[in-house]
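Residue numbers (the numbering used here), protein chains in the order written: chain V, 1258 to 1467; chain S, 1258 to 1467. Below: the structure, in structure tokens.
2 protein chains.
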Amino acid sequence: MKTENKRGRPRKFDEDVTLDRIMLVFWQHGYAATSLDQIAEATGLNRPSLYAAFGSKKDMYLKVISRFANQMHAHLQEAGQSASGLQPRLKAVMAAAVDLYCGKSSLCNAAYGCLAISTLTTEVADDPDFKTMLEKVVQRMDQGFADLIREETRGTVPEAGVRFAAQHLSLILHGLSVRARAGEPPSTLQALAELAVDRLAPKPASESVV
Amino acid sequence: MKTENKRGRPRKFDEDVTLDRIMLVFWQHGYAATSLDQIAEATGLNRPSLYAAFGSKKDMYLKVISRFANQMHAHLQEAGQSASGLQPRLKAVMAAAVDLYCGKSSLCNAAYGCLAISTLTTEVADDPDFKTMLEKVVQRMDQGFADLIREETRGTVPEAGVRFAAQHLSLILHGLSVRARAGEPPSTLQALAELAVDRLAPKPASESVV
DNA sequence: CATTTTATGTACCGTATCGCATAAAAATAG
DNA sequence: CTATTTTTATGCGATACGGTACATAAAATG
């Protein structure tokens, strides 16, 4: 059933590969500073082909953000299942995120931070669709952390506390994304991420950093 | 010595007021999505006047960012001196920042987050001048926190610990800026800010949130 | 009053933008 | 082979962009 034998002229490009290339362009330049010509050049397609396949520039951007959110989610979830125990799992997730933000992932090899935080944040004040998308992305990050915490604490923590802690961790990730794009070395970011997890759920609840 | 009696035709506008208006335009739309026509309309000036007074669009933006950083710094420093003790002072600073991010300040009445974090972050991957500026802004935030902590702990904490804690608090602010622009209610952000300070320097080092 | 200096306002230049209209190319259906 | 369907390619058109010449206007100096 692979050969569906569709009628017309077959496509010369793979939709997913192309979307990944478009993603990189937006990731680097942001939405407003990216032109369709840049996308055309990066993908090897012409504007009409792009338009036919993915719609307008805005459509492309939203598709790419959505795709990124899915890949990110899968990536972090996988990292979170590579360890056991609340803090180790959280640390694994944070470490994977920092790696991604610093360009150490299959998605991107430059320290551009999180695609959504780095580029979508700027646009939300002008376009409600973008604002809705950013809200969704943030909520999804919150939810991911909340699910993990809930799973590991098994009802020993009130729901409000779980969500609050999740928001806090998600907040840390946003900050790490910003600092990654600002050029902070990965080692510093990893240390900050680790500190955040330690401070959120202090094991011995002992020595203060300050 | 106030009347310097300069030669030519006097200006019809106040430079500082105009810069504040330009700031608002960039704050809302970001750098790339802002046109000189928008700035001209917001300030009531024509492009030639703008160009003569502030230089190119990029010059204007950098001037505005610099100005914002100064005002922000003064604003937070003032807040930090309204209380005494490490944690109360830190909380006062964080609360003032959140207010500003949420549009509760004289600078801006919309929840646009931090001007630098919200708009400059996007641009840094394309322009080294912008990247340098963002680094400076971040470092200045770090330094502000470090100074405060150093002052309050008076040598009881190693310098590395001070700087690390400062980076952590600065990181929290970046995250709060992102979430403010994403539409998170101020009450949530204030609670998250307070949690961050509590967790950084736990007084009784007691109950964990999760 | 004439000159000099600075600021303003109109109008313009070359370029780049997005989106589309139109036509060529490729593959299947009958 | 002819007709049909779908994708690719060229290029147009209207608009918007950043930046600037040039002429005008206003104030201070001599």
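We treat Cβ as the ideally placed atom computed from N, Cα and C, and that holds for glycine. Keep in mind that this is a model prediction, so the values were computed, not measured.
Cβ pair residue i, residue j closer than 9 Å
i	j	result
residue 1413 of chain S	residue 1287 of chain S	no
residue 1270 of chain V	residue 1321 of chain V	no
residue 1290 of chain V	residue 1383 of chain S	yes
residue 1417 of chain S	residue 1406 of chain S	no
residue 1387 of chain V	residue 1395 of chain V	no
residue 1319 of chain S	residue 1275 of chain S	no
residue 1277 of chain V	residue 1372 of chain V	no
residue 1453 of chain V	residue 1329 of chain V	no
residue 1457 of chain V	residue 1430 of chain V	no
residue 1420 of chain S	residue 1439 of chain S	no
residue 1272 of chain V	residue 1310 of chain V	yes
Endpoints, the alpha helix (DSSP H) within which residue i is located
i	result
residue 1408 of chain V	1385-1410
residue 1292 of chain V	Run containing residue 1292 of chain V: none; DSSP gives neither H nor E here.
residue 1311 of chain S	1304-1311
residue 1269 of chain S	First-last for residue 1269 of chain S: undefined, no H or E at that position.
residue 1443 of chain V	1443-1457
residue 1358 of chain S	1343-1358
residue 1334 of chain S	1314-1337
residue 1427 of chain S	1416-1438
Rounded distance between the beta-carbons of residue j and residue i, thought under 8 Å
i	j	result
residue 1333 of chain V	residue 1401 of chain V	6 Å
residue 1469 of chain S	residue 1379 of chain S	Residue 1469 of chain S cannot be examined here, being either before or after the span of chain S that is shown, 1258 to 1467.
residue 1428 of chain S	residue 1449 of chain V	6 Å
residue 1336 of chain S	residue 1353 of chain S	4 Å
Contacting residues, own chain, Cβ-Cβ under 7 Å from residue i (five flanking each side not counted)
i	result
residue 1424 of chain V	1399
residue 1436 of chain S	1446
residue 1455 of chain S	none
residue 1324 of chain V	1276, 1280
residue 1397 of chain V	1326, 1330
residue 1314 of chain V	1293
residue 1370 of chain V	1358, 1434, 1435, 1437, 1438
residue 1366 of chain S	1360
Own chain residues within Cβ distance below 6 Å of residue i, not counting five before or after
i	result
residue 1462 of chain V	Confidence in residue 1462 of chain V is poor, its pLDDT being 39 and thus under 50, which makes the residue's placement unreliable; the coordinate value appears in the next sentence. Nothing meets the Cβ criterion.
residue 1460 of chain S	Below a pLDDT of 50, predicted positions are generally treated as unreliable, and residue 1460 of chain S, at 49, falls in that range; the measurement from the model is reported next regardless. Closer than 6 Å at the Cβ level, and outside the excluded window around residue 1460 of chain S, lies no residue.
residue 1266 of chain V	none
residue 1368 of chain S	1359, 1360, 1437
residue 1340 of chain V	1346, 1349
residue 1304 of chain S	1293, 1297
residue 1279 of chain V	1296, 1317, 1321
residue 1374 of chain S	1431, 1434
residue 1268 of chain S	none
Residue i Cβ short of 8 Å to the ligand NAD heavy atom set
i	result
residue 1339 of chain S	What this structure holds is no ligand at all, so the ligand NAD is not there to describe.
Own chain residues within Cβ distance below 8 Å of residue i, not counting five before or after
i	result
residue 1393 of chain S	1326
residue 1355 of chain V	1433, 1437, 1443, 1446, 1447, 1450
residue 1342 of chain S	1409
residue 1217 of chain S	Outside the shown range of chain S (1258 to 1467) lies residue 1217 of chain S, about which nothing can therefore be said.
residue 1299 of chain S	1278, 1279, 1281, 1282
Report the residues of the region 1266-1279 of chain V with a CB closer than 9 Å to any CB of chain S, ordered along the chain. Against chain S - using a Cβ distance shorter than 9 Å - the region 1266-1279 of chain V contributes no residues.
Under 8 Å (Cβ pairs) to chain V, residues found in the region 1381-1392 of chain S: Within the region 1381-1392 of chain S, the qualifying residues are 1381, 1382, 1383, 1388, 1391, 1392.
Taking Cβ-Cβ distances below 8 Å as the criterion, which residues of the region 1355-1376 of chain S are in contact with chain V? Cβ contacts with chain V come from 1367, 1369, 1370, 1374, 1375, 1376.
Looking at chain V, which residues of the region 1295-1323 of chain S have a Cβ within less than 8 Å of any of its Cβ atoms? Under the 8 Å Cβ criterion, the region 1295-1323 of chain S contributes no residue.
Residues in the region 1435-1456 of chain V having any Cβ partner in chain S nearer than 8 Å: Contact residues of the region 1435-1456 of chain V toward chain S are 1435, 1436, 1438, 1439, 1440, 1441, 1445, 1448, 1449, 1452, 1453, 1456 (C-beta to C-beta distance below 8 Å).
Taking beta-carbon pairs under 8 Å, can you tell me which members of the region 1339-1353 of chain S lie near chain V? Flagged, chain order: 1343.
Residues within the region 1282-1293 of chain V neighbouring chain S, beta-carbon criterion of under 7 Å: Those residues of the region 1282-1293 of chain V that come within reach of chain S (Cβ to Cβ, closer than 7 Å) are 1285, 1286, 1287, 1289, 1290.
Check distances from the C-beta atoms of the region 1392-1412 of chain S to those of chain V and list, in chain order, the residues that come in under 7 Å. From the region 1392-1412 of chain S, only 1392, 1395, 1406, 1410 have a Cβ closer than 7 Å to chain V.
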